[in-house]
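Residue numbers (our numbering), protein chains in the order written: chain A, 47 to 276; chain B, 156 to 434.
Ideal Cβ placement from N, Cα and C applies to all residues, glycine included.
Structure first, commentary second.
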Amino acid sequence: VWAKWTNGVPANGSLGVGGVSPADIAPPTWLCFDGPRLANINQTLRNLIDDDRLPLDLPTRGHIMALVASARFSDQKRTVAEWGKNFVDVTGMRHPSRQNEFLTAATVLDAAEWHVVKHTAQGEWMVGTTTAEYLADIRAAVSHPCSILHIGLAQIPCGAHDTRQSSQAAVCTDMVTAAPVLNKATVKAGCYLFTVYDTGQLRLKTCYRSAVNSVNKKLEAWANHRVFAP
Amino acid sequence: MNVTLDQYLVGLERSVSELPEVFRGWAALDDDLREIYSDQLAWMLGARDEVLETAKAEKRLLEVQFRIARATSLLFSLRDELQTFMGIPAEALVQDAHTSVQVARGERQRVSSGHGAGGMTAELVSFVAAEGVAMDQLSGRVTAFNIIDHIAVAAVPTLFMRISTVSLYTLGDRPEIFVERVTVEAPDGRVLAHSESLLSVQARLPNQLPNGHRSIHTIWRILLDSTGDHRVVVSRRAADSEQWERIGSTLVTVILQPHSIYNAQAPVTVPPVAPTPQT
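Shown next, in the form of structure tokens:
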């Protein structure tokens, strides 16, 4: 089931052409937690972060990985001009979900689409990667047996000199090891695919390629940091 | 990187120009957007080396180097905000190169730019003040026009329109990051104007270029309120230190005497201009 789901190419072959249907990017049924179950696993995760003496067993680890793999990005929609402050000029690039359209400053994208545009521009995914393919790579990476789960409290900037703590789960996937299941991510040795999930929003925050050292440095700054290697 | 040089440069220049507004509205941004903006800018800075490699391959190195240096200069003037809001330290702005250009405007202008060589190993071998400095974008050669050793004015106070300085360093055997400051000091020691620049100086490889680093500062609109021996001083300090070390200076004597070829009848607030040939 994983192999089929993470293959990244939907049965109708229409990925990225004329829009992406929810079915294209939805996780398999057995991973689609209903509201209460999702909330339970999310709460379990928060408890594990808040109390680092709580033990984590293999089934719970599996559930957390599945939670991250099935999570969606925020539904927040913004224009390219708004997302793209402090970034390269992406106007003229193909729309990540409607490949027959090109981006302008006024094009409205949701968070997942912006992440596709951004990480494609940065060379972490191939040119022409669609939202569905990006999400499929994330799921394939998170669900790969070699992936390492980190949980902890990250410091989030929230004003001048101010930060707040945010309960997060992150999954580090060695790119070379996971290369066979990645379709559009540009594999680079010594790099992780770094996927971050926010337990407060029940949403994926980001997924990008980063050097192992850089990821480790970022994670070292987390409070209550715990690592669960496979 | 899957973007062209122009996409990168246009984005960088736009980002730099929009940053003050972004910081003004920082408190109203949601957490995700703050993180996204910080990450994106950090990536833009980290991508500069790759961009320069591409520029070299596309034979646009000098143009791209100059545009990046200019943008970096402006970012350096926002270094406090970058550290405070985005957690990006000033050291992250530094980038290898062998010419840095700094432009300041008037007194108390917070400065600068950045590029350079490294450690306390780079040695200042020449420092001149001039009316203007030009850099040949094709060859990278630097030319100082009308080197200044005195300023003749009809009266004080007077506004001196522009003074440019060139510092020439020979590179040492290891890279070094330091802040260079140029000050214009009155005879009584008061600082009339200053300009700072964060330099990142490469190590020198024997028998290879670059073997030196050139740093240019231009300070506009200096109010000279007295005559006498003024000094243009170049100092340096380590990026993480507050201690300035004076490494060179040049004397500029201000005298009350209309310049022989400037218009002696001109109002005193009009700065000297190059003479127009009379036919």
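Could you check if residue 235 of chain A is buried or exposed, using at least 16 other CB atoms within 10 Å of its CB as the buried criterion? Residue burial annotation: residue 235 of chain A is exposed, with fewer than 16 other C-beta atoms found within 10 angstroms of its C-beta.
Against chain A, does residue 265 of chain B count as a neighbour if the rule is that its beta carbon must be under 8 angstroms from one of theirs? With a pLDDT of 32 at residue 265 of chain B, under the threshold of 50, the modelled position of this residue cannot be trusted, and the question is left open.
Alpha carbon of residue 163 of chain A to alpha carbon of residue 325 of chain B, nearest angstrom: 44 angstroms
Can you look up residue 257 of chain A in the DSSP assignment and give me helix, strand or coil? In this structure, DSSP gives residue 257 of chain A an extended state, which the three-state scheme calls strand.
Could you spell out where the beta strand (DSSP E) holding residue 170 of chain B opens and where it closes? Residue 170 of chain B -> not in any beta strand (DSSP E); alpha helix (DSSP H) instead, spanning 160–179.
Any beta-carbon of chain A closer than 8 angstroms to the one on residue 285 of chain B? no
Extent of the continuous beta strand (DSSP E) run through residue 336 of chain B: 331–340
Using a Cβ-Cβ distance cut-off of 8 angstroms, determine whether residue 59 of chain A contacts chain B. Confidence in residue 59 of chain A is poor, its pLDDT being 36 and thus under 50, which makes the residue's placement too unreliable to answer from.
Less than 6 angstroms between C-beta atoms, sequence neighbours within five positions excluded: which residues of the same chain meet that for residue 163 of chain B? 206
Are the C-beta atoms of residue 196 of chain B and some chain A residue less than 8 angstroms apart? yes
So if I threshold CB-CB distances at 9 angstroms, which residues from the region 113–146 of chain A count as touching chain B? 120, 122, 124, 128, 129, 130, 131, 132, 133, 134, 135, 136, 137, 138 and 139
When we look at the beta-carbon of residue 212 of chain A and count the other beta-carbons within 10 Å, is it buried (16 or more) or exposed? Its Cβ being crowded by 16 or more others within 10 Å, residue 212 of chain A is buried.
Rounding to the nearest angstrom, what Cα-Cα distance links residue 287 of chain B and residue 241 of chain B in this structure? Rounded to whole angstroms, the separation of the alpha carbons of residue 241 of chain B and residue 287 of chain B is 36 angstroms.
Establish whether the CB of residue 202 of chain A and some CB of chain B are separated by less than 8 angstroms. yes
At a Cβ threshold of 8 angstroms, is residue 153 of chain A touching chain B? no
Looking only at its own chain, which residues have a Cβ that is under 7 angstroms from the Cβ of residue 380 of chain B, when we skip the five neighbours before and after it? 311 and 312
Answer with yes or no whether the minimum CB distance from residue 231 of chain B to chain A is below 8 angstroms. Not one beta carbon of chain A lies nearer than 8 angstroms to the beta carbon of residue 231 of chain B.
Given residue 157 of chain B as reference, the closest of A:180, A:242 and A:139 once Cα atoms are compared: A:139
Neighbour flag for residue 166 of chain A against chain B, beta carbons, 8 angstroms: Using a CB distance cut-off of 8 angstroms, residue 166 of chain A counts as an interface residue toward chain B.
Could you please give me the residues that DSSP links to residue 392 of chain B through a beta bridge? B:334
Once the 5 residues before and after residue 170 of chain B are set aside, which same chain residues still bring their CB inside 6 angstroms of it? Correct list: empty, nothing qualifies.
Hey, could you find the ends of the beta strand (DSSP E) residue 165 of chain A is sitting in? That residue, residue 165 of chain A, is in no beta strand (DSSP E); its alpha helix (DSSP H) goes 157–167.
With H, G and I counted as helix, E and B as strand and the rest as coil, what does DSSP make of residue 131 of chain A? coil
Leaving aside the five residues before and after residue 137 of chain A along the sequence, list all residues of the same chain whose C-beta is less than 7 angstroms from its C-beta, in chain order. If we look at residue 137 of chain A and ignore the five residues flanking it on each side, its Cβ neighbours are 126, 149, 150 and 151.
So that I know if they touch, is there some Cβ in chain B lying closer than 8 angstroms to that of residue 198 of chain A? no
Quick one: which chain B residues come within Cβ less than 7 angstroms of residue 169 of chain A? 156 and 157
Sheet register partners of residue 171 of chain A (DSSP bridge): A:231
Using only the alpha-carbon positions, how far apart do residue 246 of chain A and residue 270 of chain A sit? 16 angstroms
Nearest CA to the CA of residue 167 of chain B: which residue from B:201, B:189 and B:178? Selected option, being the one with the closest Cα: B:201.
Backbone CA spacing between residue 294 of chain B and residue 366 of chain B [nearest angstrom]: So the two alpha carbons sit approximately 15 angstroms from each other.
Run the CB neighbour count on residue 157 of chain A, radius 10 Å, all protein chains shown included, and call it buried at 16 or more, exposed below. buried
DSSP three-state label for residue 226 of chain A, please. Residue 226 of chain A falls in the helix class under three-state DSSP.
Starting from the beta carbon of residue 173 of chain A, find every residue of chain B whose beta carbon is closer than 8 angstroms, and list them in chain order. 157
Beta-carbon separation of residue 243 of chain B and residue 193 of chain B under 8 angstroms? yes
So, residue 329 of chain B versus residue 349 of chain B, is the Cβ gap smaller than 8 angstroms? Contact: no.
Just to confirm before moving on: does the CB-CB distance between residue 201 of chain A and residue 267 of chain A stay below 8 angstroms? yes
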